[in-house]
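Asks:
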Ligand code: SF4
């Protein structure tokens, strides 16, 4: 692991309004094989990641499939226990909390899935699925109470309360995602991890769901971790955006700063793939060579070096620290200060 600088996004002094602080989080999964299923290696899904999430903000988490963003979201929620590191939520490290204490906190941290259909019991009316969490966390004094809460939350997500008696198969993809949001929201959580919540939806429905999430955030003071595989989806909902590559966070910045001046070559490549709505503007496309390497045996030095158009010798041997390039703008790249010019030169030569 790279030496972290003394200050990191999770250890800066300005943290009084932080709801969540993730410190040097690691999650490895053992790879077993052979007759006796012995451990042959480790999938380094999340490898030394630190960041904070402020009360009421949305942090977008972006990266290609397999970069570790979903594992990170689940490790934050303690749905999978991290290998090492800390997840500090409202001042308490969740990683060593025993299950009964964790259960009390789970109500405050909810997950919205990419495919709500797979998380809804097809045999249950949606009202009962939404009420399950209320019963589990002993919210409400009677089933009548819980029914009223379900009706209210359906209205909050833009659905008629009478739909509580219908079954999941009777709804469209967009409505099912509203039901998934209702199921999380009914517990009045403080943090919601939204794992690719609009990826499976048509573009027109995507914006409706994003608008709904924004409205609910304003009304209930919610904090979101919003996971997506491309930068265009998180652009309109995030306050800050973090980019992950092969288990590492490679860039983290305020949304406007990141989209105006991406610093890491991987972010620059992702950015170059976003379609520009104005046909008179031409953006040079950075085509990355090869595929994402295996997280079982990631490249030495900078993990991005086999695909980086501006890699130098140092990149092959020395892992870049995640450092603050400008106030609030973090990146893990030896050439961060000159990357924009270096990338432009490479793209112009191609
Ligand atoms: Fe590219 Fe080197 Fe920066 Fe990694 S450290 S992104 S290989 S320039």
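Residue numbers (our numbering): 751 to 1100. Beta carbons: idealized from backbone N, C-alpha and C, even for Gly.
#1: What whole-angstrom Cβ distance do residue 812 and residue 993 have, given they're in contact under 8 angstroms?
#2: Assuming contact is defined by CB atoms lying nearer than 7 angstroms, are residue 1046 and residue 781 in contact in what I supplied?
#3: Which of the three DSSP states is assigned to residue 808 in this structure?
#4: Nearest by alpha-carbon distance to residue 775: which of 791, 1001, 845 is it?
#5: When the distance is taken between beta carbons, is residue 833 closer than 7 angstroms to residue 778?
#6: Can you tell which of 767, 1037, 910 has its C-alpha closest to the C-alpha of residue 877?
#7: Among all the DSSP beta bridges, which residues are the ones paired with residue 999?
#8: With the cut-off set at 7 angstroms, would you say residue 926 and residue 866 are in Cβ contact?
#9: Round the Cβ separation of residue 802 and residue 843 to the nearest angstrom and send it over; I've been treating them as touching at under 8 angstroms.
#10: Rounded C-beta distance between residue 1036 and residue 1008? I'm assuming under 8 angstroms.
#11: Helix, strand or coil: how does DSSP classify residue 879 here?
#12: Roughly how many angstroms lie between the CA atoms of residue 1044 and residue 859, to the nearest whole one?
#13: With H, G and I counted as helix, E and B as strand and the rest as coil, what does DSSP make of residue 762?
#14: Please look up how many angstroms separate the CB atoms of residue 1005 and residue 988, rounded, as I've assumed it's under 8 angstroms.
#15: I believe residue 885 touches residue 896 by the beta-carbon criterion, under 8 angstroms. Please report the beta-carbon distance rounded to the nearest angstrom.
#16: Please classify residue 868 as buried or exposed, where buried requires at least 16 other C-beta atoms within 10 Å of its C-beta.
#17: I want to check one thing, is the minimum distance from the CB of residue 1085 to the heavy atoms of the ligand ATP below 6 angstroms?
#18: Closer than 6 angstroms by C-beta to residue 907: which residues in its own chain qualify, once you throw out the five before and the five after it? Chain order, please.
#19: Are at least three pairs of beta-carbons, each pair with one atom in the region 975 to 982 and one in the region 1054 to 1070, less than 8 angstroms apart?
#20: Can we count residue 801 as close to the ligand SF4, meaning its CB is less than 6 angstroms from some heavy atom?
#21: Is it buried or exposed for residue 954, if we count other Cβ within 10 angstroms and need 16 for buried?
#22: Determine the burial state of residue 787: buried for a count of at least 16 other Cβ atoms within 10 Å of its Cβ, exposed for fewer.
#23: Does the beta carbon of residue 1061 fall short of 6 angstroms from some heavy atom of the ligand SF4?
#24: Give me the residue from 1021, 947, 945, 940 with the minimum Cα distance to residue 968.
Replies: Once the coordinates are examined:
#1: Indeed they touch by this definition, with Cβ atoms about 5 angstroms apart.
#2: yes
#3: strand
#4: Ranking 791, 1001, 845 by Cα distance to residue 775 puts 845 first.
#5: yes
#6: 910
#7: 994
#8: yes
#9: That belief does not hold up - the Cβ atoms of residue 802 and residue 843 are roughly 14 angstroms apart, past 8 angstroms.
#10: Contact flag wrong, Cβ pair sits at about 16 angstroms.
#11: Residue 879 falls in the helix class under three-state DSSP.
#12: 31 angstroms
#13: Bear in mind that the predicted position of residue 762 carries a pLDDT of just 45, short of 50, making it unreliable; the figure below should be weighed with that in mind. DSSP places residue 762 in coil when its eight states are reduced to three.
#14: Correct: roughly 5 angstroms between the Cβ atoms.
#15: 7 angstroms
#16: exposed
#17: Of the ligands this structure carries, namely the ligand SF4, none is the ligand ATP.
#18: Exclusion of the five residues before and after residue 907 leaves 928, 931, 932 as the residues of its chain whose Cβ lies within less than 6 angstroms of its Cβ.
#19: no
#20: no
#21: exposed
#22: exposed
#23: For residue 1061, the Cβ falls inside the 6 angstroms cut-off from some heavy atom of the ligand SF4.
#24: 940
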